[in-house]
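Undergrad:
Numbering (my numbering), first residue to last: 8 to 420.
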């Protein structure tokens with residue numbers, strides 16, 4: 008016996024399955040009373056099955072499509088977060104390079120001043136003991152060692168920025184110097200905490216992903232509810248048969264529609280206990296509850312993170328103002344000390360001038376670190392809110408355009 012079968016199946020939005028199939032069977036036997044040997048039997052079947060409980064409804068039939076859409080949107084959020092992390096790391100590397108160059112300059116200026124102090128101490132023949140000269144030399148050597156270290160940190164910061172830029176035209180093997188052109192700008196900052204938090208709740212990718220997980224869990228709960236229902240299906244089947252001594256004659260008889268069959272039935276099935284589908288439903292509901300709890304925890308963590316970054320920004324801004332004042336007074340102190348040394352030229356004034364120069368360099372270094380932290384905190388605030396792409400005028404084009412135009416409303420407080 009040989010058989011051949013082909014057909015098509017279509018799932019309708021109501022959950023109904025429509026199947027059209029054609030089959031051909033060749034049978035050959037050694038029985039003497041067989042009239043047709045070999046015999047060819049073929050039939051054409053149209054089958055329609057409509058569920059009314061389990062498997063019914065457009066929500067059930069489109070569940071996988073909707074889950075795939077949510078998964079696509081979740082992937083977009085992951086890509087957005089990865090891009091923002093890359094931008095954040097690159098901008099941090101830029102400001103670290105800027106800070107390294109400024110620290111290098113501060114150290115170079117200090118060494119120049121210290122060498123000048125050493126020069127005038129020897130040229131003017133100050134009444135200074137050997138211990139005083141040794142103290143000046145020790146400070147100069149220590150600052151020179153710091154200068155060498157800062158020089159190495161500067162080159163490391165350049166290499167770090169080159170790797171973050173990842174420009175194919177930039178040959179990392181070549182000794183290329185990167186000179187930042189954007190200056191340190193600390194302007195008065197007015198932040199609306201409520202507005203910043205609202206912006207974060209609207210745009211944070213992690214929060215969006217948590218919301219999408221809730222939507223997926225809701226779909227799973229709906230599917231599990233549907234599968235826990237009894238099975239009640241209405242079936243209609245229409246069959247046309249044909250028989251002949253060869254395939255042509257069998258198909259000709261089929262095309263004449265002389266032998267037709269109709270079949271109508273109602274099938275009902277209700278498993279005793281139904282524990283398997285009920286367990287799946289309870290697991291789906293638990294997953295939904297976990298997704299909602301995770302979303303609420305994400306909201307709380309995000310609000311705390313935004314508040315912490317805002318407080319750090321405000322703290323850095325206040326420190327910048329105070330350290331600028333301290334730098335101004337340190338420079339004034341250095342000026343008066345240098346004038347007094349020129350006029351009187353005492354050893355005490357010379358030593359005091361030495362301490363004023365090193366103190367001014369230290370205050371400038373602290374100010375530089377604070378301004379750098381301020382600039383990085385600004386970027387970190389946008390990254391925490393999830394608006395770093397918008398902050399840098401970067402937009403994602405493609406399948407997510409419509410998604411980003413949808414207003415987002417978080418679940419929970």
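Cβ coordinates follow ideal geometry from the N, Cα and C atoms, glycine included.
Taking residue 49 as the reference, which of 304, 89, 259, 384 has the closest Cα?
TA: Looking at the Cα atoms, 259 is the closest of the given residues.
Undergrad: Taking only three categories from DSSP, how would you classify residue 386?
TA: Reduced to three states, the DSSP call for residue 386 is helix.
Undergrad: Helix, strand or coil: which one does DSSP assign to residue 189?
TA: In the structure shown, the three-state DSSP call for residue 189 is coil.
Undergrad: Looking at the structure shown, is residue 324 part of a helix, part of a strand, or coil, going by DSSP?
TA: Helix.
Undergrad: Across which residues does DSSP place residue 4 in a beta bridge pair?
TA: Examination of residue 4 is not possible in this model, given that the chain is present from 8 through 420 alone.
Undergrad: What separation, rounded to the nearest whole angstrom, lies between the Cα atoms of residue 340 and residue 363?
TA: 7 Å
Undergrad: Does DSSP put residue 66 in a helix, a strand or coil?
TA: helix
Undergrad: Quick one: what does DSSP say residue 125 is sitting in, helix, strand or coil?
TA: helix
Undergrad: How would you call residue 101, buried or exposed, if buried means at least 16 neighbouring beta carbons within 10 angstroms?
TA: buried
Undergrad: Strictly by DSSP, which residues pair up with residue 243?
TA: DSSP lists 55, 271 as partners of residue 243.
Undergrad: Could you work out which residue in 385, 390, 403 is closest to residue 91 when comparing CA atoms only?
TA: 390
Undergrad: The alpha helix (DSSP H) spanning residue 227 covers which residue range?
TA: 212-234
Undergrad: Secondary structure at residue 81, three-state DSSP: helix, strand or coil?
TA: Here residue 81 sits in helix by DSSP.
Undergrad: Does residue 350 come out as helix, strand or coil in the three-state DSSP assignment?
TA: Because the pLDDT at residue 350 is just 47, under 50, the model does not fix this residue reliably, and the point stays unresolved.
Undergrad: Determine whether the beta carbon atoms of residue 59 and residue 298 lie at a separation below 8 Å.
TA: no
Undergrad: Can you tell me where the alpha helix (DSSP H) with residue 255 in it begins and where it stops?
TA: Segment 254-262, the alpha helix (DSSP H) holding residue 255.
Undergrad: Let's test the definition: count the other Cβ atoms within 10 Å of the Cβ of residue 199 and tell me whether it reaches 16, buried, or not, exposed.
TA: exposed
Undergrad: Please state whether DSSP places residue 46 in a helix, a strand or coil.
TA: Looking at residue 46 - three-state DSSP - the assignment turns out to be strand.
Undergrad: Would residue 121 and residue 93 be called neighbours here (beta carbons separated by less than 8 Å)?
TA: no
Undergrad: Quick check: the region 260-279 against the region 179-197, are there 3 or more CB pairs under 8 Å?
TA: The region 260-279 and the region 179-197 do not touch, with fewer than 3 CB-CB distances between them shorter than 8 Å.
Undergrad: Please state whether DSSP places residue 21 in a helix, a strand or coil.
TA: coil
Undergrad: Going straight from the alpha carbon of residue 112 to that of residue 103, what length do you get?
TA: Straight across, the Cα-Cα distance linking residue 112 with residue 103 is about 14 Å.
Undergrad: I need the DSSP call for residue 400, collapsed to helix, strand or coil.
TA: Secondary structure at residue 400: coil, using DSSP grouped into helix, strand and coil.
Undergrad: Given this structure, state the Cα-to-Cα distance separating residue 57 from residue 296, to the nearest angstrom.
TA: 33 Å
Undergrad: Please name the residue in 156, 127, 218, 96 whose C-alpha comes closest to that of residue 305.
TA: When only C-alpha atoms are compared, the closest one is 218.
Undergrad: Suppose the cutoff is 7 Å on Cβ atoms and the five residues either side in sequence are ignored; what does the same chain contact list for residue 6 look like?
TA: With the chain covering only 8 through 420, there is no way to say anything about residue 6.
Undergrad: Return the CA-CA distance between residue 321 and residue 393, expressed in angstroms with no decimal places.
TA: 20 Å
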